[in-house]
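Written out below as structure tokens is the structure these notes cover.
Protein chains: 2
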Amino acid sequence: MVTIYDIANACGCSSATVSKALNNYSDVNINTKERILKKAKEMGFVPNLQARALSTKRTWNIGVLFEDKSNSGLTHYYFSQVLQAVKEQAEEKGYDITFISKNLGGVEMSYLEHCNRRNIDGVVIACIDFEDQQVQQLMESNIPVVVIDYDSEHVSAIMSDNVRGIYELTHYMISLGHRDIVYAYGHEVYVTEERIRGFKKALEEAKIPFTEDMLVKSRYSEKQANIDAVTEILKRDQLPTAILFPDDYSAIWGINALRNNGIKVPEEISVGGFDGVEIGEMIFPRLTTIRQNTTRLGKEASLKCIQLLESKSKDNTKITVGVELIPGGTCMAPRLLQGKSPRR
Amino acid sequence: MVTIYDIANACGCSSATVSKALNNYSDVNINTKERILKKAKEMGFVPNLQARALSTKRTWNIGVLFEDKSNSGLTHYYFSQVLQAVKEQAEEKGYDITFISKNLGGVEMSYLEHCNRRNIDGVVIACIDFEDQQVQQLMESNIPVVVIDYDSEHVSAIMSDNVRGIYELTHYMISLGHRDIVYAYGHEVYVTEERIRGFKKALEEAKIPFTEDMLVKSRYSEKQANIDAVTEILKRDQLPTAILFPDDYSAIWGINALRNNGIKVPEEISVGGFDGVEIGEMIFPRLTTIRQNTTRLGKEASLKCIQLLESKSKDNTKITVGVELIPGGTCMAPRLLQGKSPRR
DNA sequence: ATGAAAGCCGAAACCGTTTTCGACATCACA
DNA sequence: TGTGATGTCGAAAACGGTTTCGGCTTTCAT
Chain P
1 MVTIYDIANA
11 CGCSSATVSK
21 ALNNYSDVNI
31 NTKERILKKA
41 KEMGFVPNLQ
51 ARALSTKRTW
61 NIGVLFEDKS
71 NSGLTHYYFS
81 QVLQAVKEQA
91 EEKGYDITFI
101 SKNLGGVEMS
111 YLEHCNRRNI
121 DGVVIACIDF
131 EDQQVQQLME
141 SNIPVVVIDY
151 DSEHVSAIMS
161 DNVRGIYELT
171 HYMISLGHRD
181 IVYAYGHEVY
191 VTEERIRGFK
201 KALEEAKIPF
211 TEDMLVKSRY
221 SEKQANIDAV
231 TEILKRDQLP
241 TAILFPDDYS
251 AIWGINALRN
261 NGIKVPEEIS
271 VGGFDGVEIG
281 EMIFPRLTTI
291 RQNTTRLGKE
301 ASLKCIQLLE
311 SKSKDNTKIT
321 VGVELIPGGT
331 CMAPRLLQGK
341 SPRR
Chain R
1001 MVTIYDIANA
1011 CGCSSATVSK
1021 ALNNYSDVNI
1031 NTKERILKKA
1041 KEMGFVPNLQ
1051 ARALSTKRTW
1061 NIGVLFEDKS
1071 NSGLTHYYFS
1081 QVLQAVKEQA
1091 EEKGYDITFI
1101 SKNLGGVEMS
1111 YLEHCNRRNI
1121 DGVVIACIDF
1131 EDQQVQQLME
1141 SNIPVVVIDY
1151 DSEHVSAIMS
1161 DNVRGIYELT
1171 HYMISLGHRD
1181 IVYAYGHEVY
1191 VTEERIRGFK
1201 KALEEAKIPF
1211 TEDMLVKSRY
1221 SEKQANIDAV
1231 TEILKRDQLP
1241 TAILFPDDYS
1251 AIWGINALRN
1261 NGIKVPEEIS
1271 VGGFDGVEIG
1281 EMIFPRLTTI
1291 RQNTTRLGKE
1301 ASLKCIQLLE
1311 SKSKDNTKIT
1321 VGVELIPGGT
1331 CMAPRLLQGK
1341 SPRR
């Protein structure tokens, strides 16, 4: 391994001058500088980031927290896209990303401690369980943190326009003629509250009275929870004409569950998803859903995080990223008379 | 930030002793040790990994190379599962993972240089383009490298049993009565050669003469390439009764393309995929495919990599991980007389 | 000619750890 | 009582960089 000292020797100058030459300091003669740079390249010099970090306190590392309880982390259809965008944007700015975990090497360790050990410059969080004690601790620390889809006074946030998303989807259903709509909502977290707000808003505007049975508890990205939700709904005397699921994955399993119970989609029940990931296009007919702009969410998160860490500050600005309705083939106007139960 | 010096001061001993106490050296009195550990915890000491790395030359960091040309990296249905397993296993052993990229901070940089800057302890590679000059350079370097699904004299490898996989799938098709089978193979890489071997082997055993038109060039995980492959096949005077695709994603788009052209699957043409990822279960009927053991592939890769880096050695042992046939509903016995062209 | 300013460079401290090696005390044993 | 072994500790160097600050030249206006 060749160090700046080796270069200094070869150039007949001091290591300080080499360091300055490599870092574009102004107080080094243009000729010396070029000589040093040339020699450095010749000798195959590669700076040691650990050494540099030790004195500059910058690791050029962004931590990523992606602990999804239900679907294990990286394989998540929606989050993996966000993560990809975070990664690309970070790399473009010269940062590497590192996953933050509890439980490193068999030793239970808080997220914050993990970050401190590695001297992470900043963190992007996009997990479901923001109420986790350790996540809160991290957000309240003095490490710059950007969260995706959560609202906290301590951190900056990139928000997908969930209210508008579910509002538009509901509105669309209503415009097709649906009035008996069920929203199978996800985990009881911030995003869910937001979405329920959007759901109710659309109903209200259409003067459709909201009743408790329009909400069914389910879970994001959990196959069985959504199949169970469907099973529960099918026990009712009067079936809804449309069901909205918390994400596309859930919607697809929901559709399968409906079909396994002899219900035709969309002829008997219309279905809407959320996320707009590619699996929605793979099934037939294509899933009606709300597309979240994963690329922008990820990019904005990275950029905001970098901006914060470079200014060594924290703030709690919020950036909202728009969503888009993707009409598919899983919805149609309800065929049966309202208020009349379709079979069973 | 509290350092070992602070602890030394508080304990009335030297930093050397503190370091030793923290690292379980034998030449420190049990009482002093406990006093130091207690104080360290009290003061909230967190070791600085950069400083440690500087003197030990271990970063506890494993680099991951996942550059998939077609489908962008992390969002890949198959690779993301492997990656998840690599990550989990690495973390269990106390290692963090970091993505290796060219082009860090706008500066073109070789993979090897990226690793050297960060002083990565070892690398796991699972990308498609192993022939890339930079990937080769990395494999030939003295950094411990483990590759997934590639064969090189320079590195250790974890291999999925591709030959057996495609052999079994083909064998299954033949056992259903198919003789006109097309294999739409993926990128022209090592894995593809392997699979073609397995394909031919199954034909040979069944005494079905191999002809060139049984192979169609396509690409892994590329929607359009597979749709195009289907379009090409459909131009033939005599259609095959079964098509095998290079992965599940491709198979699903292949099926959609077939259906868009009025061909019934599986009634007119049977279809097989490869990978065994969940999307194969989402469509109706469920995709017949070969399941690769992504979890084991990832775990083995991590473990092998750690074993190598801890012994500071390289070798080129190969570990093969088995595969499994998942019979679905996209295959059935061919209905039409062999040798007769089904319509058109 | 002179003093100030600007340009260029290097000594040395510093970042937070590990690790070697020698010093010292204590102990056991002949 | 002397000797060697054993146990415990710390000084100091090393890891590979960055950065401050002061000193020396050179330039330039007066």
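Chains as they are written, first to last, in the numbering used here: chain P, 1 to 344; chain R, 1001 to 1344.
Don't be surprised by glycine CBs; every beta carbon is placed ideally from N, CA and C.
Rounded to whole angstroms, the gap between the alpha carbons of I30(P) and V18(P) is 12 Å. Excluding the 5 residues flanking it on each side, G73(P) has same chain C-beta neighbours closer than 6 Å at F66, in chain order. In the three-state scheme derived from DSSP, where H, G and I count as helix and E and B as strand, Y1185(R) is classed as strand. As the crow flies, the alpha-carbon of T241(P) is around 40 Å from that of P1334(R). Sequence-distant partners of Y1005(R) (beyond 5 residues in either direction) whose C-beta falls short of 7 Å from its own C-beta, in its chain, are S1015. Close to L1104(R), with beta-carbon spacing below 7 Å, are these residues of chain P in chain order: E91 and G94.
Contact between R1291(R) and V1265(R) is absent: CB atoms are separated by about 20 Å, not below the 8 Å threshold.
Secondary structure within the region 257-294 of chain P: the beta strand (DSSP E) runs of 3 or more consecutive residues, fully enclosed, are 270-272 and 289-292 (chain order). At the C-beta level, G1198(R) and G1177(R) stay beyond 8 Å of one another.
The C-alpha of C1011(R) is placed about 10 Å away from the C-alpha of K1038(R). C-alpha of N1103(R) to C-alpha of Y1095(R): approximately 24 Å in a straight line. The C-beta distance from T1098(R) to G1063(R) rounds to 6 Å, short enough to fall under 8 Å. Assigned with DSSP and collapsed to three states, F99(P) falls in strand. Beyond the five residues adjoining it in sequence on each side, A1257(R) comes within less than 8 Å, by CB distance, of N1226, I1227, V1230 and T1231 in the same chain, given in chain order. Runs of the beta strand (DSSP E) spanning 3 or more residues and lying entirely within the region 1009-1035 of chain R do not occur at all.
Within the region 212-246 of chain P, not one residue has a Cβ closer than 8 Å to any Cβ of chain R.
Note: E300(P) is not bridge-paired with any residue in the DSSP secondary-structure output. Think of a sphere of 9 Å around the beta carbon of F99(P): the chain R residues whose beta carbon falls inside it are K1087, E1091, D1096, I1097 and T1098, in chain order.
Put simply, the backbone Cα of S1055(R) is about 18 Å away from that of I1143(R). For the C-beta of A184(P), not a single chain R residue is nearer than 8 Å; the gap to the nearest is close to 17 Å. Chain P has no Cβ within less than 8 Å of the Cβ of V1028(R). Apart from the 5 residues on each side of it in sequence, I306(P) sits with its Cβ closer than 6 Å to the Cβ of K93 in its chain, given in chain order. Taking the Cβ atoms as the reference, D68(P) lies roughly 6 Å from I128(P), within the contact range of under 8 Å.
Within 8 Å of the CB of L54(P), the CB atoms of chain R belong to N1048, Q1050, A1051 and L1054, in sequence order along the chain.
Look at G1328(R) here: in three-state DSSP terms it is coil, with no helix or strand label. Here DSSP, grouped into helix, strand and coil, assigns S311(P) to coil.
Considering only L234(P), N293(P), H114(P) and A251(P), the residue with the shortest C-alpha distance to V271(P) is A251(P). Between the region 152-165 of chain P and the region 193-207 of chain P, the count of Cβ pairs shorter than 8 Å is three or higher; the stretches touch. For K1304(R), the number of other beta carbons within 10 angstroms of its own is at least 16, and it is reported as buried. DSSP places M139(P) outside any beta strand (DSSP E); the residue lies instead in the alpha helix (DSSP H), whose first and last residues are Q133 to E140. R1117(R) reaches chain P at V46, P47, N48 and L49, counting residues in chain order whose Cβ is nearer than 8 Å. The beta carbon of K1314(R) sits closer than 8 Å to the beta carbons of N1142, P1144, V1145, H1154, V1155, S1156 and L1308 from its chain, once the five residues preceding and following it are set aside; these are given in chain order. From the listed residues S175(P), F274(P), A202(P) and E113(P), the smallest Cα separation to Y167(P) is found for A202(P). Under the Cβ criterion of 8 Å, G1073(R) is counted among the residues facing chain P. Straight across, the Cα-Cα distance linking K1318(R) with A1008(R) is about 48 Å.
For chain R, the residues of the region 278-294 of chain P that bring a beta carbon within less than 7 Å of one of its beta carbons are I279, M282 and I283, in chain order.
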